[in-house]
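Residue numbers (the numbering used here): 10 to 209. Every residue gets a Cβ at the ideal spot worked out from N, C-alpha and C, and that includes glycine. Predicted, not measured: the structure shown is a model, and the values here were computed from it. Have a look at the structure below, then the notes.
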Amino acid sequence: MPMILSLALAVQAATLTSDPLQAPLICSTALALTSEGKSRLFKAATVSYLLTKRAAANPAGGPFFQQLSSMKTNGPKFPTDITPEMARQLAPLCDKRYPQARRDGPVKLPVDPLARDAVCLFALSTMGGAAGSMSNADAAVTARYNDAAKRFAAGFDTRIGEKNLADEAATGLATKLVIDGLGIGNAYIVSEACLALPAG
Numbered sequence: 010m011p012m013i014l015s016l017a018l019a020v021q022a023a024t025l026t027s028d029p030l031q032a033p034l035i036c037s038t039a040l041a042l043t044s045e046g047k048s049r050l051f052k053a054a055t056v057s058y059l060l061t062k063r064a065a066a067n068p069a070g071g072p073f074f075q076q077l078s079s080m081k082t083n084g085p086k087f088p089t090d091i092t093p094e095m096a097r098q099l100a101p102l103c104d105k106r107y108p109q110a111r112r113d114g115p116v117k118l119p120v121d122p123l124a125r126d127a128v129c130l131f132a133l134s135t136m137g138g139a140a141g142s143m144s145n146a147d148a149a150v151t152a153r154y155n156d157a158a159k160r161f162a163a164g165f166d167t168r169i170g171e172k173n174l175a176d177e178a179a180t181g182l183a184t185k186l187v188i189d190g191l192g193i194g195n196a197y198i199v200s201e202a203c204l205a206l207p208a209g
């Protein structure tokens, strides 16, 4: 009986919920526990990716960017009962559900200049915030991300301004471009591709 019970529990532990709001939280914990060899910034980008997917799947939670902003002060509750063994069982399921969450580069940025600026601005801003909030933060690394983010912000503002959209429509378009950009990869690898682009 104990052996049968153990096997049953193992199977249960390896099941990932289909709930689009809970699964990203479970996978954030599981992937953080199984991303050996990855840098702190890469791990932060993985979690950020999953939380962004969660916001995209939660229209009832309010406007997309507002949800992301509120997480800084009122973040979701991550599960605390996932053991290292459970994480190892869950990780392959999380990688299958969210294949871009911790995939290594290279990545292919959008050809459309507005979409590229939106994706790069979001990724670089995300990484700048992550780098600056870490203990023993490296000011040069943080500045590298933030300075590049400003460059893409200028391009994005110019290009979206040329469309003469109302504020609500402009926000809606920006939301769509960022969510579509999640198909490219997490903020770390996207930022590296953006940083490699020539200025201008």
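{"Item": "Check for me: the alpha helix (DSSP H) holding Arg106 runs from which residue to which?", "Value": "93-106"}
{"Item": "In the structure shown, what three-state DSSP assignment does Asn210 receive?", "Value": "With the chain covering 10 to 209 only, the question about residue 210 has no answer from this structure."}
{"Item": "Could you give the residue range of the alpha helix (DSSP H) that holds Arg160?", "Value": "148-170"}
{"Item": "Using CA coordinates, which residue listed in Arg97, Leu133, Asp104 is at the minimum distance from Gly190?", "Value": "Leu133"}
{"Item": "Measuring only the C-alpha atoms, how far is Pro93 from Leu42?", "Value": "6 angstroms"}
{"Item": "From what residue to what residue does the alpha helix (DSSP H) around Ser200 run?", "Value": "196-204"}
{"Item": "In the DSSP assignment, the alpha helix (DSSP H) including Arg111 goes from what residue to what residue?", "Value": "Here Arg111 belongs to no alpha helix (DSSP H), and DSSP marks it neither H nor E."}
{"Item": "DSSP on Thr55, reduced to helix/strand/coil?", "Value": "helix"}
{"Item": "Put Gly46 into one of helix, strand or coil per three-state DSSP.", "Value": "coil"}
{"Item": "Got a sec? Which residues, its chain only, sit under 7 angstroms from Leu50 by beta carbon, not counting five neighbours each side?", "Value": "Met136, Ala139, Ala140, Tyr197"}
{"Item": "Could you tell me if Asp126 is buried or exposed, where buried requires 16 or more neighbouring beta carbons within 10 angstroms of its beta carbon?", "Value": "buried"}
{"Item": "Have a look at Ala54, Leu34, Cys36 and flag the residue whose alpha-carbon is nearest the alpha-carbon of Met143.", "Value": "Ala54"}
{"Item": "Alpha carbon to alpha carbon, how far is Asp90 from Met12? Give it in angstroms, no decimals.", "Value": "Unreliable positioning characterises Met12 in this predicted model, as indicated by a pLDDT of 42, which lies under 50. A coordinate reading is not provided."}
{"Item": "At what residues does the alpha helix (DSSP H) containing Asp176 begin and finish?", "Value": "176-190"}
{"Item": "Quick check: Phe161 and Leu130, are their CB atoms within less than 8 angstroms of each other?", "Value": "yes"}
{"Item": "Are the beta-carbon atoms belonging to Ile35 and Leu123 less than 8 angstroms from one another?", "Value": "no"}
{"Item": "Mind checking Thr61: buried by the 16 CB within 10 Å criterion, or exposed?", "Value": "buried"}
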